[in-house]
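Here the structure is laid out as structure tokens; the discussion comes afterwards.
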Ligand SMILES: Nc1nc2c(ncn2[C@@H]2O[C@H](COP(=O)(O)OP(=O)(O)OP(=O)(O)O)[C@@H](O)[C@H]2O)c(=O)[nH]1
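Structure, rendered in structure tokens:
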């Protein structure tokens with residue numbers, strides 16, 4: 001049996017900080033290293049899992065809430081077992097945590113795993129340079145997350161001016177307490193920063209079992225659990241991940257304040273209505289991600305969508321041939337009226353060409369059969385609101401409530417309907433990842449910068 005242990009790196013960071021972007025950068029620049037990825041989405045539609053560009057069979061998804069609390073730790077063990085089989089020939093396993101996960105819990109799950117083929121490879125914390133100050137005001141615990149990281153990636157520095165960047169780098173470096181801090185744009189870090197990371201001596205990265213005990217009790221863990229971990233450690237035996245995690249249903253985690261809405265529609269969105277929804281989105285709705293189908297307004301492309309705080313971008317990408325044309329969105333926020341958001345989204349669905357032919361945009365069975373996992377019930381600190389029948393909800397909205405300029409599948413509008421969307425499109429200039437190359441943030445009140453690309 002091979003004695004080589006595969007490092008397991010935890011990739012954490014607040015909602016929208018750029019974890020998936022960094023992961024895709026690593027996958028594109030790994031030069032032959034085989035990277036296994038375990039993705040943990042907060043929303044029930046696994047958007048992150050869909051956007052990670054790993055090798056076939058090397059990406060697995062742990063959906064349904066934050067890995068640190070909600071996912072059955074046994075499921076993680078099963079995936080780790082699968083990914084560490086010699087036939088998989090993996091060099092490194094990266095776990096992308098949900099943007100609301102408690103990183104110390106995740107690290108502890110890895111340390112507690114009794115899989116002999118893995119070794120904890122460090123905690124990488126991605127920080128959104130543009131949002132960090134506001135985020136730490138709302139969630140002071142992010143300072144602690146930075147403090148326990150082995151590597152802090154200060155990402156999105158392209159969105160800061162030189163002096164702001166220097167100030168933030170100083171303050172994050174202080175919080176990082178000696179751990180390396182690298183600045184990055186679009187997560188473009190040197191992969192060697194991760195691939196060479198190994199635990200040194202008794203310590204495991206920045207965190208030892210003792211540190212973790214302290215960290216976790218600071219985060220509200222029951223003391224008995226820490227004792228169990230310490231006792232098991234003293235006895236030389238690992239605590240099973242499940243055992244170690246059973247008491248983690250505390251309320252100190254960031255995600256206890258957040259709720260998510262999952263929206264799926266097999267009828268296209270009306271671009272104007274959707275933009276008006278986005279332009280007036282409530283302040284608490286911090287993160288939106290997914291894919292929008294604008295039907296005949298652009299039959300060739302689906303529009304990947306990312307909103308982080310007030311930041312909004314669309315990334316058109318050609319539909320894969322034979323792909324089912326769906327809009328799939330996950331919306332995450334705190335203090336949000338999930339029912340109202342669901343209804344507003346339903347009202348963004350373009351009317352069917354004729355009422356007689358109209359059918360519900362999403363049936364319950366569509367959701368059950370699709371990539372969704374509407375099994376969020378009982379997840380601690382998290383409420384998942386699927387919008388089960390967007391078509392029916394839409395039909396319940398009076399037409400005059402939808403405004404005059406709604407447009408429809410029949411009224412493609414010479415492309416003008418798409419102008420609002422195109423204001424937030426950035427051309428992919430980076431052949432490496434199809435990411436935006438130049439960074440210019442359109443102001444919401446800015447005029448469209450380019451002619452619409454659709455007819
Ligand atoms: N300007 C700028 N945008 C970035 C950078 N890195 C990522 N983004 C954008 O930020 C948005 C969110 O990026 P993701 O990689 O999906 O963030 P995430 O941390 O995986 O998001 P969650 O999984 O929802 O927590 C996307 O629109 C990215 O293109 C960067 O360095 N600069």
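In full-length UniProt numbering, the protein residues as written are 1 to 455. Glycine included, C-beta positions come from ideal geometry on N, C-alpha and C.
Please go through the same chain and pick out, in chain order, the residues whose beta-carbon is closer than 8 Å to the beta-carbon of residue i, but skip the five residues on each side of it.
| i | result |
| --- | --- |
| residue 9 | 92, 93, 94, 95, 121, 122, 123, 124, 194 and 197 |
| residue 52 | 20, 23, 24, 27, 37, 39, 59 and 96 |
| residue 271 | 294, 297, 407, 417, 418, 420 and 421 |
| residue 90 | 6, 34, 35, 36, 58, 83 and 84 |
| residue 212 | Unreliable positioning characterises residue 212 in this predicted model, as indicated by a pLDDT of 47, which lies under 50. The coordinate reading is nonetheless provided below. 104, 107, 108, 111 and 229. |
Give the DSSP-derived three-state secondary structure of residue i in the structure shown.
| i | result |
| --- | --- |
| residue 13 | strand |
| residue 181 | strand |
| residue 140 | coil |
| residue 30 | coil |
| residue 257 | helix |
| residue 276 | helix |
| residue 171 | helix |
| residue 191 | coil |
| residue 334 | strand |
| residue 19 | helix |
| residue 239 | Unreliable positioning characterises residue 239 in this predicted model, as indicated by a pLDDT of 29, which lies under 50. A coordinate reading is not provided. |
| residue 422 | helix |
| residue 84 | coil |
| residue 186 | coil |
| residue 324 | coil |
| residue 103 | helix |
| residue 77 | helix |
| residue 108 | helix |
| residue 310 | coil |
| residue 161 | coil |
| residue 416 | helix |
| residue 340 | helix |
| residue 166 | helix |
| residue 296 | helix |
| residue 134 | helix |
Going by DSSP, what residues sit across from residue i in a beta bridge?
| i | result |
| --- | --- |
| residue 304 | 291 and 315 |
| residue 346 | DSSP, once it has assigned bridges, lists no residue as partnering residue 346. |
| residue 52 | Beta-bridge pairing links residue 52 to no other residue. |
| residue 155 | 128 |
| residue 119 | 7 |
| residue 285 | 333 |
| residue 269 | 349 |
Can you list, in chain order, the residues of its chain whose CB lies under 7 Å from that of residue i, leaving out five sequence neighbours each side?
| i | result |
| --- | --- |
| residue 336 | 259, 282, 284 and 285 |
| residue 462 | A question about residue 462 goes unanswered here, because the residues of the chain that appear run from 1 up to 455. |
| residue 5 | 117, 118 and 119 |
| residue 103 | 10, 12, 97, 123, 125, 145 and 148 |
| residue 169 | 154, 181 and 183 |
| residue 188 | 25 |
| residue 81 | 115 |
| residue 277 | 344, 345 and 348 |
Among residues of its own chain, excluding the 5 on either side of residue i, which ones have a beta-carbon nearer than 6 Å to its beta-carbon?
| i | result |
| --- | --- |
| residue 26 | 191 |
| residue 303 | 292, 314 and 316 |
| residue 7 | 92, 119 and 121 |
| residue 111 | 120 |
| residue 173 | 181 |
| residue 159 | 130 |
In whole angstroms, what separates the C-alpha of residue i from that of residue j?
| i | j | result |
| --- | --- | --- |
| residue 334 | residue 257 | 6 Å |
| residue 141 | residue 353 | 50 Å |
| residue 301 | residue 318 | 4 Å |
| residue 143 | residue 322 | 46 Å |
| residue 345 | residue 307 | 15 Å |
| residue 149 | residue 161 | 25 Å |
| residue 165 | residue 41 | 30 Å |
| residue 129 | residue 288 | 19 Å |
| residue 29 | residue 184 | 15 Å |
| residue 16 | residue 99 | 7 Å |
| residue 423 | residue 290 | 18 Å |
| residue 136 | residue 312 | 21 Å |
| residue 274 | residue 305 | 12 Å |
| residue 151 | residue 351 | 49 Å |
| residue 177 | residue 139 | 19 Å |
| residue 340 | residue 347 | 11 Å |
| residue 127 | residue 14 | 7 Å |
| residue 329 | residue 156 | 23 Å |
| residue 209 | residue 32 | The predicted model places residue 209 with a pLDDT of 46, which falls under 50 and marks its position as unreliable; any figure quoted below should be read in that light. In a straight line, the C-alpha of residue 209 is about 33 Å away from that of residue 32. |
| residue 175 | residue 325 | 45 Å |
| residue 163 | residue 86 | 49 Å |
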